[in-house]
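Q:
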Amino acid sequence: PVDPSVEEVVGDEADRRELAAHFGEDFELVFTVPESSLAVVREASPTAVTRIGTTTAAADGVVADGEPLPDRGYTHSD
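Under this note's numbering, the first residue of the sequence shown is numbered 270, with each subsequent residue one higher.
1) So what does DSSP say about Glu287, is it helix, strand or coil?
2) In angstroms, rounded to a whole number, what distance separates the CA positions of Ala313 and Leu307?
3) Just tell me which of Gly280, Ser346, Pro315, Gly322 has its CA closest to the CA of Phe300.
4) Can you give me the C-alpha to C-alpha distance between Arg372 and Glu336, rounded to a whole angstrom?
5) Excluding the 5 residues flanking Leu338 on each side, which residues of the same chain have their C-beta closer than 7 Å to its C-beta?
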């Protein structure tokens, strides 16, 4: 999810996705859960739970809509 205020500074959907993927200090909790448990987790959570993707083998790299996602943005310590 992207905060609605982002719409005030982006030109189009491509800009919105660029900002969401590579910039900012807008943090949300990110976690993984088995697909079979997603409904239970959503029901139990007091906060909205949004599915943003699927984990795959590391060899697949990071992709968005089937395209490789560039390795940009801040890198935390190794």
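Glycine is no exception: its CB is placed at the ideal position from the N, C-alpha and C atoms.
A: Walking through what the data contain:
1) helix
2) 10 Å
3) Nearest option by C-alpha distance: Gly322.
4) In the structure as shown, the chain begins at 270 and stops at 347. Residue 372 is therefore absent and cannot be evaluated.
5) Ala290, Val331, Val332
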